[in-house]
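Below is one structure, written out as structure tokens; the observations come after it.
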Amino acid sequence: MALVLMALVAAGCAASAPIDVTLGDGPYPKPGPGWAEPRVIPGGSPGIRPVGGEGAAPTGLTATVTQADGVAFRWADRARDEEGFLLEDRPAGRPGYRVTAVLAPDVNAFGLLTLPEERHASYRVRAFRYGPPSNVVRRTTGDDLPSPTTEED
28 MALVLMALVA AGCAASAPID VTLGDGPYPK PGPGWAEPRV IPGGSPGIRP VGGEGAAPTG
88 LTATVTQADG VAFRWADRAR DEEGFLLEDR PAGRPGYRVT AVLAPDVNAF GLLTLPEERH
148 ASYRVRAFRY GPPSNVVRRT TGDDLPSPTT EED
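This is the structure:
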């Protein structure tokens, strides 16, 4: 059996400017149908820069609290060759960002239902691409044991 891994190349791919989101007690506007589904909002300019290149980071990240635990995000896609986007969060008191959602290429809107620890968090989005496949590795483990035999009495 061969195992081939694809590297996710996010290092070197700049993230959008972070935004802070605090969920309150409402009232909240009623979200429209499909508000949380990843989608492409028409009207944005198509990305023209290569992922990892100067100026390719998403811009204009906005967040709208849509319900007690829901946040709708939008951003401008500036990369032309992304293989997707990573929405990352850093809940208050955490040292670094973590991936919250992996989204398809060209998506520029997405809704997130948050966890209790994410009631106050910082969010950012970044484009990514897959790196080349790793080398093929073959490894046999265990001993070659003879098949079990039965003793006759």
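Sequential numbering from 28 applies to the sequence shown in the numbering used here. Ideal placement from N, C-alpha and C gives every residue a C-beta, glycine not left out. Being a predicted model, the structure only gives us computed values, none of them experimental.
Check	Outcome
Hey, out of PHE100, GLU144, VAL98 and PHE112, whose CA is closest to CYS40's CA?	PHE112
Does DSSP classify ALA44 as helix, strand or coil?	coil
For PRO118, name the three-state secondary structure that DSSP assigns.	strand
Considering only C-alpha positions, which residue in the set ASN135, THR168, GLY169 and GLY158 is nearest to THR89?	ASN135
Do you know whose CA, among PRO77, ALA63 and THR91, lies nearest PRO85's CA?	PRO77
Determine the closest residue to ARG105 out of ASP96, LEU140 and GLY79, with distance taken between C-alpha atoms.	GLY79
What are the partner residues of LEU139, as DSSP defines its beta bridges?	VAL98
Roughly how many angstroms lie between the CA atoms of GLY51 and PRO143, to the nearest whole one?	12 Å
For TYR157, report the span of its beta strand (DSSP E) as first-last.	147-160
So, using beta-carbon positions, are PHE155 and GLU110 closer together than 8 Å?	yes
Using a Cβ cut-off of 8 Å (strictly closer), state whether LEU142 contacts chain C.	Among the protein chains of the structure shown there is no chain C, as only one such chain exists.
Does the beta-carbon of ARG151 have 16 or more other beta-carbons within 10 angstroms, so that it is buried, or is it exposed?	buried
Look at VAL98 and TYR55 and say whether their C-beta atoms are less than 8 Å apart.	no
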